[in-house]
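So the protein sequences, as listed, match chains U and W.
Numbering-wise (my numbering), the first sequence opens with residue 1 and increments by one.
Numbering-wise (my numbering), the second sequence opens with residue 1001 and increments by one.
Have a look at the structure below, then the notes.
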Amino acid sequence: METREKTKRYPARRILPGFGLTMGITVSYLTLLVLIPLSAVFIRSSGMGWDAFWSAITSRQVVASYKVTFGISFLAAATNAVFGFLVAWVLTRYRFPGRRILDALVDLPFALPTAVAGIALTALYARTGWLGQFFYSLGIETAYSQVGIYIALTFIGLPFVVRTLQPVMEDLDAEVEEAAASLGAGRAKAFTQIILPALLPAMLTGFALAFARAIGEYGSVIFISGNIPLRTEITPLVIVKFLENYQYPQATAVAAVMLTASFALLFVINLLQRWAEKNS
Amino acid sequence: MASIVSRTRSFVPPKSFRTITESAPMRWTLTTIALGFLSLFLLMPLIAVFYEAFKKGVHLYLATFSDPYAIDAIRLTLTVTAISVPLNLLFGLAAAWAITKFTFRGKSLLVTVLDLPFAVSPVIAGLIFVLIFSTTHGWLAEPLKAWDLRIIFALPGIALATIFITLPFIARELIPVMQAQGRDEELAALTLGAGGWRTFFHVTLPNVKWGLFYGVILCNARAMGEFGAVAVVSGNIKGKTTTMPLYIETLYMEYQTVSAFSLATILSLLALATLLLKNFIEWRSAKSARH
């Protein structure tokens, strides 16, 4: 049995040529350009001593930036989870003119350079902007404030939720919904008892992806945020400021914290994706 | 992870005709809210770019492109793209071939490492190269000084940061396409006596050409538009290390709004062209899947 397994698997494994060459290129490229450079952050931080590291990552300015970054990223990702769900639902379930164009535009935040998004959002939401003048008249400062950061992070996170949900929504069995209806369940009940539980893993994955993207975002935020210390400074900007002042150890220490957070999120996202696949 | 957004979607045939849906008023309400949200967050920023660029007339719009610094920035961006996209193309082809045509241990780990640049903040993508190549604080400071080589605050650093940021795109687009193709056609070609390279150029490449094309265009658009990582390594020396996105920032900070947005229209058109191509490829594959 075991030998049969082996003879069966071996040809499929290496019969095509080029394994050594392509694997060699792939591994060296990734090692030189990704693994070694990323490890530099951890190696350099571990060399700076625990006290210096701790005081760097817990200084007042840095802690304030974590609160802004993680707090607003969470709110923006939650907004995207709700509105992204709605957008994905409307785009997959309903037919209306212009649907295909809007569907294509969902990727815009991913394709548009972040600096362009940043200045465009600032122009829109500044006091004199098309949308800003409306918000300002209501007493909401949309530019150079935390609201501005929230707007930018919602913009960049949207495609992640929509694109994660769309294939799962297309895949949902119509028969289950029909069965629920024929058994007398109202649409609202079918939605909360059948549709929502089936879509929950994908929705959480989309949320986590949007959140992960938001905590690292730089370009689209720094124009609209105004960068007021302790109030509207995001952590990536704090790292840049440290670098500009030649405070390399501090920049590296804070980067190590952010990298750890990103890796932890990557791990959570992998678990969520596995759960979503098992569920579908 | 983020490949959920970057890659072209494959066509899923509808399972069955849906007879159950929401009531008409409900459908209208939901559609209106969704359209409102999309217009507010997607359409308005896009319109704003072009409105701000042309607000003071075509004349001022065009004047931006005779600014020598803008021309330098465009030239530098094109140079950086011409270095990073071909390298990532070679890597993408090699990685997709290794990952899809063979079984080996640690494949999922390799794919995770391939995804890392997606997960990292662009600022950190710049910082890591500063930590290695800075002539004052880098690991290689001494040899770089001895050889009088500049990487940070110069073209090589900008290229490295751009390569890092755009590294996954071509590989990530190719892997699902090559996976779907399987290896039967290549095996047939080899059985018929074709060599490895011949099989690759005449069998594999034609099968994945659209995916490859989109991967290259996306990589190109991202390379030209990268801001955070490049901002950290470039030093933003006007006329020397200022790329297009960095020059847009400079102009904007100097209150030259029309010029900033004029330059931004170029990158926006590039983004729109990328979206258009993506949808064309998806439409094409859906059409062939239906037949």
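Don't be surprised by glycine CBs; every beta carbon is placed ideally from N, CA and C.
- Taking U/A152 as the centre and dropping the five residues before and after it, the same chain places the C-beta of L121, S220, V221 and I224 closer than 6 Å to its C-beta, in chain order.
- By the neighbour-count criterion, in which a residue is buried when 16 or more other Cβ atoms sit within 10 angstroms of its Cβ, W/L1276 is exposed.
- With its beta carbon at least 8 Å from every one in chain W, U/G132 lies outside the interface.
- For the 8 Å CB-CB criterion, U/V106 and U/L158 form a contact.
- Contiguous alpha helix (DSSP H) elements confined to the stretch 1005 to 1089 of chain W occur at 1024 to 1038, 1044 to 1054 and 1058 to 1063, taking only those with 4 or more residues.
- Those residues of the stretch 185 to 201 of chain U placed with their C-beta closer than 7 Å to a C-beta in chain W are R187, ordered along the chain.
- Our two residues, U/G186 and W/T1032, have alpha carbons roughly 23 Å apart in a direct line.
- Put simply, the CB of W/R1027 is near chain U, with a gap under 8 Å to one of its CB atoms.
- Residue state for U/I195 is assigned as helix, using DSSP reduced to three classes.
- Interface criterion not met: the Cβ of U/G47 is under 8 Å from no Cβ in chain W.
- DSSP, read as helix, strand or coil, puts W/G1211 in helix.
- Distance from the CA of U/M23 to the CA of W/A1095, rounded to the nearest whole angstrom, comes to 7 Å.
- Of the other Cβ atoms in all chains shown, 16 or more fall within 10 Å of the Cβ of U/M258; this residue is therefore buried.
- Residues of the stretch 49 to 62 of chain U whose Cβ lies closer than 8 Å to any Cβ of chain W: none.
- Contact check for U/G71 against U/G206 fails: the beta carbons are separated by 8 Å or more.
- A straight line joining the alpha-carbon of W/V1123 with that of U/L237 spans about 8 Å.
- Contact annotation: in the stretch 1185 to 1213 of chain W, residues whose CB is within less than 9 Å of a CB in chain U are E1186, L1187, L1190, G1195, G1196, W1197, T1199 and F1200.
- Residue burial annotation: U/I140 is exposed, with fewer than 16 other C-beta atoms found within 10 angstroms of its C-beta.
- Chain-ordered listing is empty here: chain W has no CB closer than 9 Å to the CB of U/A81, the nearest sitting near 13 Å.
- Looking from the CA of W/G1092, the closest CA among W/T1243, W/T1008 and W/I1175 belongs to W/I1175.
- With a contact defined as Cβ atoms closer than 8 Å, W/M1178 and W/T1112 miss out at about 19 Å.
- With respect to the 8 Å criterion, W/I1158 and W/F1133 are not classified as neighbours on the basis of their beta carbons.
- With 16 or more other Cβ atoms from the protein chains shown falling within 10 Å of its own Cβ, W/D1115 counts as buried.
- DSSP, read as helix, strand or coil, puts W/H1202 in helix.
- Flagged as an interface residue toward chain U: W/R1183, by a C-beta distance shorter than 8 Å.
- Counting only Cβ-Cβ distances below 9 Å, W/E1142 has no contacts in chain U at all, with the closest Cβ about 16 Å away.
- One finds A104, D107 and A111 in chain U with Cβ atoms closer than 9 Å to the Cβ of W/K1278, taken in chain order.
- Per the coordinates, the alpha-carbon of W/T1064 lies some 27 Å from the alpha-carbon of U/L131.
- Taking the CA atoms as reference points, W/A1073 sits about 22 Å from W/V1216.
- Note on the stretch 205 to 258 of chain U: whole alpha helix (DSSP H) runs with a minimum of 4 residues are 219 to 225 and 235 to 244, in chain order.
- Residue-level contact check: U/Y248 touches chain W, since one or more beta carbons of chain W fall below 8 Å from its beta carbon.
- Secondary structure at W/L1160: helix, using DSSP grouped into helix, strand and coil.
- Remark: C-beta atoms of W/G1225 and W/L1263 do not approach each other more closely than 8 Å.
- Pairing W/W1097 with U/G20 gives a Cβ-Cβ distance that is not under 8 Å.
- In this structure, U/A214 lies near U/I156, with their beta-carbon atoms less than 8 Å apart.
- Taking a Cβ-Cβ cut-off of 7 Å, the neighbours of U/F96 in chain W comprise T1031, given in sequence order.
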